[in-house]
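In the working numbering, the protein residues as written are 754 to 918.
Built from N, CA and C at the ideal position, the CB exists for glycine as well.
Predicted model, so just to flag it, every value in this text is computed and none were measured.
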């Protein structure tokens, strides 16, 4: 089996970066996310909520490279060394590829060796007024002490957004 790429953390940018054997540069960032705070009816303040952003920084077309998967998997497992961390993944509709991104993220999780302690929940949000769809996922460590609050609020996002007409 192949090894993940070596990656580094850029303190100035707050991102992990790695370069593939084909010269493609990727950036992985964890940015604070307040989505659950803005929809929480209970008034619970969610800390340690992040959104993951995976970005290809070079324009060249990347052929399939399983080492990219391995590297991102390792970065995410490092992120969950803090069991209170939780991730929201929102598939950008950039260039109409949100479904492909969602499916790729699902494949990553299904093949991740960290499924034993990281749980992934999906929430496909449908906006009644515009008929648009946003694909989202939530990842959390199984030992996260706030998981019940996080799950309840994550599952309310669609209802709250559709009631804000």
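In the structure shown, residue 909 falls within a coil segment according to DSSP collapsed to helix, strand and coil. Following the DSSP letters along the chain, one finds residue 823 inside the alpha helix (DSSP H) bounded by residues 819-832. Approximately 10 Å separates the beta-carbon atoms of residue 769 and residue 758; this is outside 8 Å, ruling out the contact.
At least 8 Å separates the beta-carbon of residue 783 from that of residue 807. By alpha-carbon distance to residue 896, the top candidate from 763, 877 and 869 is 869. Cβ atoms of residue 864 and residue 817 stay farther apart than 8 Å, at about 13 Å.
The Cβ neighbour count for residue 890, taken over all protein chains shown within 10 Å, is at least 16; the residue is labelled buried. In the DSSP assignment, residue 799 falls outside any beta strand (DSSP E), carrying neither H nor E.
Residue 871 has 894 as its beta-bridge partners, per DSSP. Taken through DSSP and simplified to helix, strand or coil, residue 761 comes out as strand.
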